[in-house]
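In what follows, a single structure is set out as structure tokens and then discussed.
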Amino acid sequence: MHSLSNSIRKRWHSLVANPAAMRKLWAGEYWQKDDDGLRSVSCNHCPRLDRSNKACTISFGTPLRKCVVSSVEAYLNDCNDKQVLEIGYGRFSLGKNLVQRSGGVWSGIEPQQPKGNKPSLGGGGYGHATEILFPDNTFDLIYGVQTMEHWGQKCTGGTRKPSNYEECIAEIYRVLKPGGAIYFDVPMHFHGHEMFIMADFGKIRALFPIAQWQDVVLEKWRYDSSPLERYSPYDKLFPE
Ligand SMILES: C[S@@+](CC[C@H](N)C(=O)[O-])C[C@H]1O[C@@H](n2cnc3c(N)ncnc32)[C@H](O)[C@@H]1O
């Protein structure tokens, strides 16, 4: 999956991503309510399914990354006049491109940036989920792509202690405007904090106290992958 052609297709998709086309593609109800009350996005109902070829129309990445790209398309296509913060942006630019192209202002924090590189509105710089170097009530939307599951771990290079999830969510709440929104996607049964490896949806929901966070929606993508192939956890993770 790390081939040159895969990276070129990934970059190209991000470069040409068109928010208006994505608003149209993702406008309908692409989920179903599951028995556990959560939303389930099955491949069969996903707008990214090419039915005749039984394939995902995201042409790059692992099955996990295809869902990540689809979900980012669905949630970040309409940011007109919004101040938007990305946490743990790494080297994935699709979210940033969609935010900017749909009329929003993108800012980002990343713990692997040098500490002296302070973030400012409209740019990226150092920060992490318990240290967001912006004033209270700054952002309309805060999001993170495949980062939240790592917040409880030591940062690469060993430069930062593991973060406490309650402190992270409180810090995000501090810089979010009243009435603002958040979006985070995480892998399940994969890596990072145990609650994500075990897909403990009760614990994940409990990170967002009801008194502060209204309308919390948990969406499970690709639990039902038919007619596409199943994407199994690493052999090493669950040897049984
Ligand atoms: C798997 S990478 C994902 C990067 C990028 N968002 C993507 O989708 O490719 C996880 C990212 O989370 C960042 N990260 C880890 N712990 C963090 C924390 N406590 N606060 C903010 N970002 C963190 C890492 O530095 C890294 O960039």
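The C-terminal residue of the sequence shown carries number 981 in the numbering used here, and the numbering is unbroken.
Beta carbons are placed, not taken as given, at the ideal position from N, Cα and C, and that holds for glycine.
Are residue i and residue j close, meaning C-beta to C-beta below 8 Å?
i	j	result
serine 800	aspartate 819	no
isoleucine 923	histidine 930	no
valine 809	valine 825	no
arginine 780	valine 958	yes
isoleucine 873	glutamate 912	yes
serine 812	serine 755	no
glycine 863	isoleucine 850	no
lysine 944	aspartate 775	no
asparagine 878	proline 928	no
tyrosine 914	glycine 893	no
glycine 921	phenylalanine 880	yes
proline 788	tryptophan 767	yes
glycine 865	glutamine 854	yes
alanine 758	asparagine 838	yes
leucine 805	tyrosine 972	yes
In its own chain, which residues sit with a C-beta less than 8 Å from the C-beta of residue i, not counting the 5 before and 5 after it?
i	result
arginine 750	Ser800 and Phe801
serine 861	Ser848
tyrosine 884	Tyr816, Leu817, Val825, Leu826, Glu827, Ile828, Gly836, Ile923, Tyr924 and Phe925
glutamine 953	Tyr914
methionine 936	Lys944 and Ile945
asparagine 747	Phe801 and Gly802
For residue i, which residues in the same chain have their Cβ closer than 6 Å to its Cβ, ignoring the five residues on either side in sequence?
i	result
glycine 845	Cys820, Lys823 and Val825
leucine 969	Cys784
lysine 895	Pro903
alanine 870	Ile828, Trp892, Ser904 and Cys909
lysine 807	Cys797 and Ile799
Alpha helix (DSSP H) containing residue i: first to last residue?
i	result
leucine 835	835-842
isoleucine 749	745-757
serine 812	804-816
Here's a check: name, in chain order, each residue in its chain whose Cβ is nearer than 7 Å to the Cβ of residue i, leaving out the five neighbours to either side.
i	result
tyrosine 1021	This structure leaves residue 1021 out entirely; the chain is present only between 742 and 981.
Tell me where the beta strand (DSSP E) around residue i begins and ends.
i	result
arginine 780	780-782
leucine 961	Sequence check: residue 961 is lysine here, not leucine. Taken as a continuous stretch (DSSP letters only), the beta strand (DSSP E) holding lysine 961 covers 960-962.
leucine 826	824-828
leucine 766	No beta strand (DSSP E) holds leucine 766; the alpha helix (DSSP H) holding it covers 760-766.
phenylalanine 949	Taken as a continuous stretch (DSSP letters only), phenylalanine 949 belongs to no beta strand (DSSP E), as it is neither H nor E.
isoleucine 850	846-851
leucine 882	880-886
Q: Scan the segment 909-943 and note each continuous beta strand (DSSP E) run of 3 residues or more that stays entirely inside, going in chain order.
A: For the segment 909-943, whole beta strand (DSSP E) runs of length 3 or above, ordered along the chain, are 917-926.
Q: Please list the segments of the beta strand (DSSP E) lying wholly inside the segment 854-878, counting only runs of 3 or more residues, in order along the chain.
A: The segment 854-878 contains these whole beta strand (DSSP E) runs: 865-867.
Q) Does the segment 781-798 come close enough to the segment 851-859 to have 3 or more Cβ pairs within less than 8 Å? A) Not touching, per the Cβ criterion.
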